[in-house]
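J.:
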Amino acid sequence: MKHDIYGDFLRDYQAGNHDVEVLLNNNYTIAEDFPVDAFFREDEDLNDIEVFALNLCEGEILDIGAGAGVHSLILQRNNFDVTALEISAGACEVMKQRGLKKIIHINVMDYEEKKYDTLLMMMNGIGFCGYVDELKNFLFHAKNLLKPNGQIVFDSSDVSYLYEDEQPETDSYYGEIDYQYEYKGESGEWFSWLYADESLMADLAKECGYQLQIMFRDDDNAYLGKLTLI
18 MKHDIYGDFL RDYQAGNHDV EVLLNNNYTI AEDFPVDAFF REDEDLNDIE VFALNLCEGE
78 ILDIGAGAGV HSLILQRNNF DVTALEISAG ACEVMKQRGL KKIIHINVMD YEEKKYDTLL
138 MMMNGIGFCG YVDELKNFLF HAKNLLKPNG QIVFDSSDVS YLYEDEQPET DSYYGEIDYQ
198 YEYKGESGEW FSWLYADESL MADLAKECGY QLQIMFRDDD NAYLGKLTLI
């Protein structure tokens, strides 16, 4: 079984160690410090995209890749019917400690138990797909989780700016980026994380039977999207 480094540093932060130092290695530049505190923000700390996204939520909500529950907890406090879904056992433990009532510990690709009005995927939540083809697979799978008039609310970014000086030497999509967590002297497994620009997302939405609406854009190449079934 893979070691849950992600869950480890979330648990340590929740336990009061707010000086946790996590390095995020990648395949495009030097390692960066990973901002663990971003997973423990309050309402007033949200960025504009997140505020807009939470205002779009309605009905029964499934927060996919909920992390430490930053968005689910805000929704729960505002009396929304929200369920947090998370593959990390450590993250699920943290959400339970923080008072989240509905938590599902599973890979979303293995989950088909219920249909929801809103699938929420924030902090580039679609990134877990890793690759363009896997995002397409997820969009087809998500139809099993959506009520007829349901919506997928997500944010992502165009990361072409990372390669302004030179394009990556690969035939793959430039938004497929490899990462690795490093914590307490231990390195996790490398994983791919996907950033999908608006054009790619529009093409995939059309191919998979969705309508894409861009609801908000910020000044850092990020956008908020809403997908509804055609």
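Quick note, this note's numbering runs 17 ahead of the 1-based positions in the sequence shown. Even glycine gets a Cβ: it sits at the ideal position worked out from N, Cα and C.
What residues in its chain sit with their C-beta under 6 Å from that of L241, if we drop five residues either side in the sequence?
T.: For this step, residue 241 is matched to residue 224 along the sequence shown. Excluding residues within five positions, the ones whose Cβ falls inside 6 Å are I66, F69, A70, D172, M232 and F233.
J.: Report yes or no: do three or more beta-carbon pairs, one from the region 33-50 and one from the region 214-225, lie closer than 8 Å?
T.: no
J.: Across the region 104-117 and the region 77-95, are there enough close Cβ pairs to call them in contact, namely three or more that are closer than 8 Å?
T.: Yes: at least three Cβ pairs fall under 8 Å.
J.: What does W210 pair with, by DSSP beta-bridge criteria?
T.: The residue labelled residue 210 in the question sits at position 193 within the sequence shown. DSSP output for W210 lists I194 as bridge partner(s).
J.: Can you tell me where the beta strand (DSSP E) with V170 in it begins and where it stops?
T.: Along the sequence shown, read from residue 1 onward, the residue named residue 170 stands at position 153. That run of the beta strand (DSSP E) goes L163 to S174.
J.: For Y178, count neighbouring Cβ atoms within 10 angstroms of its own Cβ and tell me buried if that reaches 16, exposed if not.
T.: Looking up residue 178 in the sequence shown gives position 161. When all chains shown are included, Y178 counts as exposed.
J.: Within 10 Å of its beta-carbon, does Q228 have 16 or more other beta-carbons around it, so buried, or fewer, so exposed?
T.: For the purposes of this step, residue 228 is taken as the residue at position 211 of the sequence shown. Looking at its Cβ environment, which holds fewer than 16 other Cβ atoms inside 10 Å, Q228 is exposed.
J.: Do S89 and D98 have their C-beta atoms within less than 7 Å of each other?
T.: As a first step, residue 89 is located in the sequence shown; it is residue number 72 there, counting from the start. As a first step, residue 98 is located in the sequence shown; it is residue number 81 there, counting from the start. In this structure, D98 does not lie closer than 7 Å to S89 by Cβ.
J.: Sorted by chain position, which residues of the same chain lie with C-beta nearer than 7 Å to Y180's C-beta, five sequence neighbours on each side aside?
T.: The count along the sequence shown starts at 1 and reaches residue 180 at position 163. The answer, listed in chain order, is Y191.
J.: Looking only at C-alpha atoms, which of L152, L221, V53 and G76 sits nearest to G167?
T.: Locating residue 167 in the sequence shown gives position 150, where the first residue counts as 1. Checked all of L152, L221, V53 and G76; the closest Cα to G167 is G76.
J.: Could you tell me whether the region 194-206 touches the region 134-141, using the rule of 3 or more Cβ pairs below 8 Å?
T.: no
J.: Cutting at 6 Å between CB atoms, please list the residues of its own chain near K119, excluding the five before and the five after it.
T.: Locating residue 119 in the sequence shown gives position 102, where the first residue counts as 1. Within the same chain, Cβ atoms closer than 6 Å to the Cβ of K119 are found at T100, the five residues on either side in sequence being excluded.
J.: Please classify H158: does DSSP put it in a helix, a strand, or coil?
T.: As a first step, residue 158 must be located in the sequence shown, where it is residue number 141. Residue state, collapsed to three classes: helix.
J.: Which value, in whole angstroms, describes the spacing of the CA atoms of D150 and I194?
T.: As a position in the sequence shown, residue 150 is number 133, starting the count at 1. As a position in the sequence shown, residue 194 is number 177, starting the count at 1. Per the coordinates, the alpha-carbon of D150 lies some 14 Å from the alpha-carbon of I194.
J.: Using the three-state DSSP reduction, which class does F97 fall into: helix, strand or coil?
T.: Taking the first residue of the sequence shown as 1, we reach residue 97 at position 80. F97 carries a coil assignment under DSSP once its states are collapsed to helix, strand and coil.
J.: Using DSSP with H/G/I as helix, E/B as strand and the rest coil, what is A70?
T.: Counting from one through the sequence shown, the residue named residue 70 turns up at place 53. Looking at A70 - three-state DSSP - the assignment turns out to be helix.
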